[in-house]
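0 is the number of the first residue of the sequence shown in numbering that gives the first Met the number 0; add one for each residue after it. Worksheet: the structure to be examined is printed underneath.
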Amino acid sequence: MNKTILRAAAAMATVAAMTCGAAAPAQAQQAATVEARSAPGGVAVTWRLAEPTTRAAFLNQNIVRTEWTMTTPGLTLTDGAVEGEAPFQSFEILITPDTTERDRGYLALSRIGSGSILYGPAVALRGMDAELTARPAAGETTLPTTKAERGSVYLGPQSQVETYPGAKLVIGETVSPTLAGIMRDGFFAAQAFFGARLGRDLPYEPVLLVTTDSLGPVDFRGDVSDSGVISTRFHGAAWDEPPAHVAAGLATFVWHETFHLWNGHRLENRDGEAAPWLHEGAAEYGAWAAAVFTGAVTETAAHEALSQRLNGCRKALGDRDYDPARLRSGSAVYDCGTVVQWLADLETRQASSGARDVFDLWKDILDQGMAGDGYGVAEFRARPEGERAVALLMDGSGATRWGGVAARLATLGVTLEEKPSPDEYRAAALFHLNGENCSGGSTGFYRTEKGVRLDTGDKCGVLSGDPLLAKVEGHDPMADATAMFFAVQARCASASPVRYSTQEGRVVEAKCDRPLVAPRAWSVTAAPPLATRAQ
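Now the structure itself:
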């Protein structure tokens, strides 16, 4: 679920920009119109500028535009800008769906059945005010109907839209009834719970998009944009009938994304880029606490999830003094962010003898932010419970950090045992081997419906090429991770090569010259309940 959610710099922009005229750049904001319509293979977008220019640059340079094709003769799309030898005042680009989904960024275009999800800020130009208008064809509709330039917009068949009081859903034709039901039920339960606990003053009508047309390689991904649209994208047939433990994870996934309607997209999050652990951790922990209350997941499952987050944060920060850069990308954002919120919740409940919890804490912060200029880390740390939680992880010496965390958790009623899980053993072995064989730093891996695939690119010697693993030292890294770890550990202890077999039929030997150290991993064996109250 790493998912993962970025708030792009362009997300609050109302479109677009250009360098005006063949000579000097424009000195004032210009007006323009941007229209999108369905076209064979994707979405055709037309820009009409107020004044002629020879160059119009896109505002958000983080968008991948390799699947964009300029269809206006005499113009080119290069390095995030449209250029022409002669001045032009309009142009059209065919945008086809992004072909891969790896990082935390927004996709410019993705498929949802026979419809499309267009990310509005992707079409914004620098230095120009404009509105994005989606023009539905016969039988089509668009959601939302206003301010599409602020976030994701659906353009596709009306038949895919489900309308309910206060919300809409778009379910792609390829989504199974089982998956649709899980996402639908979670979305409405999350809205009801968070509305009761955080307030019902959303400035938009929420829209949930569910598609199984993602091209991967990640199994699923979600994001929320300032238009009030939650886009959830799944890859692979395994999602048609997800088993019970996967269904429980999906429940927290949609709850997480829904929480962002309150803490990420109705008010200014001043530290959204500098300290994403704050809003991501709140959404992740809030999702688990709320899902436990509703019975969507069990306390035991929540304790397992908290164990994983605690161990992920422990690995990310280690015993080094705090470096903010470590919590600006990757899974550490979610891991450490969740730990901060768990600590703050435990502190709040203990200090109030159970009368208050983390949702009361966040309601205070968000209400203050709505009445003022938003919120950030300062507002969270201004609350004693938030201050104590953040200080444990981020202040003081890194050498004493985890001893302090364990001691404080014990005071708050949590029992920890050193007990690595198969996931921790898998990660420890594969990351170690990648580090031994990859130049320019270690790379990772991800789990797919077919097994574990390395994310090695072209810099990892015999492990290059993103192989899909069958066995490592004779053990399936997905189903037999613990045994795999100890087999690899034995090979590394004697500096012997580690033998991989891939599902593509290759057998390779990767070097391992350094000892493989067993992961340090806690298991939460007892803790105060996460379940809370409805109001």
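From the three backbone atoms N, C-alpha and C, an ideal C-beta is built for every residue, glycine too. Computed from a prediction, not measured in an experiment: that's the story for all the values here.
- Query: What three-state label does DSSP hand residue 62 in the structure shown?
  - Reply: Within the sequence shown, numbered from 1, the residue matching residue 62 stands at position 63. Note: residue 62 maps to coil in three-state DSSP.
- Message: Closest to residue 50 by C-alpha separation, out of 126, 107 and 221, would be which residue?
- Response: Taking the first residue of the sequence shown as position 1, residue 50 is located at position 51. For the residues 126, 107 and 221, the minimum Cα distance to residue 50 belongs to 126.
- Look at the alpha carbon of residue 452 and the alpha carbon of residue 444, and state the distance between them as a whole number of angstroms. Looking up residue 452 in the sequence shown gives position 453. Looking up residue 444 in the sequence shown gives position 445. Going from the Cα of residue 452 to the Cα of residue 444 covers about 6 Å.
- Query: Which residues in the same chain as residue 511 place their Cβ atom closer than 8 Å to its Cβ, once the five residues preceding and following it in sequence are excluded?
  - Reply: Residue numbering aside, residue 511 sits at position 512 when the sequence shown is read from its first letter. 431, 432, 435, 487, 490, 491, 494, 495, 496 and 497, listed in sequence order.
- Message: Determine whether the beta carbon atoms of residue 400 and residue 318 lie at a separation below 9 Å.
- Response: Within the sequence shown, numbered from 1, the residue matching residue 400 stands at position 401. Within the sequence shown, numbered from 1, the residue matching residue 318 stands at position 319. Judged by beta-carbon spacing, residue 318 lies within the 9 Å limit of residue 400, meaning their Cβ atoms are closer than that value.
- Message: Assuming the contact rule is C-beta atoms closer than 8 Å, residue 343 and residue 402 should be a hit. Round their C-beta distance to whole Å, please.
- Response: The count along the sequence shown starts at 1 and reaches residue 343 at position 344. The count along the sequence shown starts at 1 and reaches residue 402 at position 403. Beta-carbon to beta-carbon, residue 343 and residue 402 are separated by about 20 Å, too far to satisfy the 8 Å threshold.
- Task: May I ask you to report which of helix, strand or coil DSSP gives residue 264?
- Result: The residue labelled residue 264 in the question sits at position 265 within the sequence shown. Correct three-state label for residue 264: coil.
- Message: Rounded to whole angstroms, what is the Cα-Cα separation between residue 95 and residue 63?
- Response: Translated into the one-based positions of the sequence shown, residue 95 becomes position 96. Translated into the one-based positions of the sequence shown, residue 63 becomes position 64. In this model, residue 95 and residue 63 are separated by some 11 Å (Cα to Cα).
- Message: DSSP three-state label for residue 502, please.
- Response: In the sequence shown, residue 502 corresponds to position 503, counting from 1. Note: residue 502 maps to coil in three-state DSSP.
- By DSSP, does residue 159 sit in helix, in strand, or in coil? Taking the sequence shown and counting its residues from 1, the one referred to as residue 159 is at position 160. Looking at residue 159 - three-state DSSP - the assignment turns out to be helix.
- Message: Please state the DSSP three-state secondary structure of residue 234.
- Response: Mapped onto the sequence shown, residue 234 falls at position 235. Coil at residue 234, not helix or strand.
- Fully enclosed by the region 112 to 139, which beta strand (DSSP E) runs are 3 residues long or longer? Listed in chain order, they are 114 to 118 and 127 to 133.
- Query: Touch check for the region 131 to 150 and the region 217 to 234: three-plus C-beta pairs under 8 Å?
  - Reply: With a cut-off of 8 Å, the region 217 to 234 and the region 131 to 150 count as touching, because enough Cβ pairs lie within range.
- Task: Please confirm whether residue 520 and residue 419 have their CB atoms less than 9 Å apart.
- Result: The residue you call residue 520 lines up with position 521 of the sequence shown. The residue you call residue 419 lines up with position 420 of the sequence shown. For the 9 Å CB-CB criterion, residue 520 and residue 419 form a contact.
- State the CB to CB distance for the pair residue 339 and residue 248, rounded to an integer number of angstroms; the pair is presumed to be in contact (CB under 8 Å). What you label residue 339 is simply residue 340 of the sequence shown in a count that begins at 1. What you label residue 248 is simply residue 249 of the sequence shown in a count that begins at 1. Wrong, their Cβ atoms sit about 21 Å apart, outside the cutoff.
- Whole runs of the beta strand (DSSP E) within the region 347 to 407, excluding any shorter than 3 residues: As far as the region 347 to 407 is concerned, it has no whole beta strand (DSSP E) run of at least 3 residues.
- In terms of DSSP beta bridges, what is residue 77 paired with? Indexing the sequence shown from 1 puts residue 77 at position 78. According to DSSP, which records beta bridges pairwise, residue 77 is partnered with 80.
- Item | Nonlocal neighbours in the same chain, by C-beta distance under 8 Å from residue 22, ignoring five residues either side | Here the question's residue 22 lines up with position 23 in the sequence shown. Because residue 22 carries a pLDDT of 32, less than 50, the predicted location of this residue cannot be relied on, and the following value inherits that uncertainty. Exclusion of the five residues before and after residue 22 leaves no residue of its chain whose Cβ lies closer than 8 Å to its Cβ.
- Is it buried or exposed for residue 532, if we count other Cβ within 10 angstroms and need 16 for buried? The residue you call residue 532 lines up with position 533 of the sequence shown. Exposed, by the Cβ-count rule.
- Report back the beta-carbon spacing between residue 477 and residue 446 to the nearest angstrom; my notes put them in contact at under 8 Å. Start at 1 with the first residue of the sequence shown, and residue 477 comes out as number 478. Start at 1 with the first residue of the sequence shown, and residue 446 comes out as number 447. Distance from residue 477 to residue 446 at the Cβ level is roughly 7 Å; contact confirmed, criterion being Cβ atoms closer than 8 Å.
- Opposing strand residues paired with residue 93 [DSSP bridges]: In the sequence shown, counting from the first residue as 1, residue 93 sits at position 94. The bridge partners DSSP lists for residue 93 are 43 and 68.
- Message: Would residue 112 and residue 40 qualify as a contact pair, given that the criterion is a beta-carbon distance under 9 Å?
- Response: Residue numbering aside, residue 112 sits at position 113 when the sequence shown is read from its first letter. Residue numbering aside, residue 40 sits at position 41 when the sequence shown is read from its first letter. Using a Cβ distance threshold of 9 Å, residue 112 and residue 40 do not count as a contacting pair.
- Query: Under the rule that 16 or more other beta-carbon atoms within 10 Å means buried, what is residue 230, buried or exposed?
  - Reply: Your numbering for residue 230 matches position 231 in the sequence shown. Residue 230 counts as buried, since no fewer than 16 other beta carbons sit within 10 angstroms of its beta carbon.
- With 16 as the cutoff for other CB atoms within 10 Å, does residue 505 come out buried or exposed? Within the sequence shown, residue 505 is the residue found at index 506, counting from 1. Around the beta carbon of residue 505, fewer than 16 other beta carbons lie within 10 angstroms, which makes this residue exposed.
- Query: Would a C-beta distance cut-off of 9 Å place residue 522 and residue 415 closer than the cut-off?
  - Reply: Counting from one through the sequence shown, the residue named residue 522 turns up at place 523. Counting from one through the sequence shown, the residue named residue 415 turns up at place 416. Yes, Cβ-Cβ distance for residue 522 and residue 415 is below 9 Å.
- Report the three-state DSSP secondary structure of residue 199 (helix, strand or coil). Walking along the sequence shown from the start, residue 199 turns up at place 200. Taken through DSSP and simplified to helix, strand or coil, residue 199 comes out as coil.
- Inspect the beta-carbon positions of residue 358 and residue 529 and report whether they are closer than 9 Å. One-based indexing of the sequence shown puts residue 358 at position 359. One-based indexing of the sequence shown puts residue 529 at position 530. The Cβ atoms of residue 358 and residue 529 do not sit closer than 9 Å to each other.
- Quick one: using the 10 Å Cβ neighbour count with 16 as the cut-off for buried, is residue 114 buried or exposed? Locating residue 114 in the sequence shown gives position 115, counting from the first residue. Buried.
- Task: Could you give the DSSP three-state label for residue 306: helix, strand or coil?
- Result: Translated into positions along the sequence shown, residue 306 becomes position 307. In the structure shown, residue 306 sits in a helix (DSSP, three-state: H, G or I).
- Message: On a Cα-Cα basis, can you pick out the residue from 167, 139, 165 and 313 that is closest to residue 158?
- Response: Locating residue 158 in the sequence shown gives position 159, counting from the first residue. Nearest C-alpha to residue 158: 139.
- Item | Cβ pair count under 8 Å reaching 3, the region 181 to 190 against the region 249 to 260 | Three or more beta-carbon pairs separated by less than 8 Å link the region 181 to 190 to the region 249 to 260, which places the two stretches in contact.
- Message: If you reduce the DSSP assignment to three classes, tell me which class residue 167 lands in.
- Response: Reading the sequence shown from its first residue, position 168 is the one you call residue 167. If DSSP states are grouped into helix, strand and coil, residue 167 belongs with the strands.
- Near residue 321, what residues of its chain come up, given a Cβ to Cβ distance below 6 Å and the 5 sequence neighbours on each side ignored? Position 322 of the sequence shown, counting from 1, holds the residue named residue 321. Closer than 6 Å at the Cβ level, and outside the excluded window around residue 321, lie 393.
- Message: So, at 7 Å on beta carbons, what are the nonlocal neighbours of residue 80 in its own chain, with the 5 sequence-adjacent residues on each side left out?
- Response: Along the sequence shown, read from residue 1 onward, the residue named residue 80 stands at position 81. 54, 55, 56 and 57.
- Query: Are residue 282 and residue 259 close, meaning C-beta to C-beta below 9 Å?
  - Reply: As a position in the sequence shown, residue 282 is number 283, starting the count at 1. As a position in the sequence shown, residue 259 is number 260, starting the count at 1. Cβ atoms of residue 282 and residue 259: closer than 9 Å.
- Query: According to the neighbour-count rule (16 or more other Cβ atoms, all chains shown, within 10 Å of its Cβ), is residue 244 buried or exposed?
  - Reply: Residue numbering aside, residue 244 sits at position 245 when the sequence shown is read from its first letter. Exposed is the call here.
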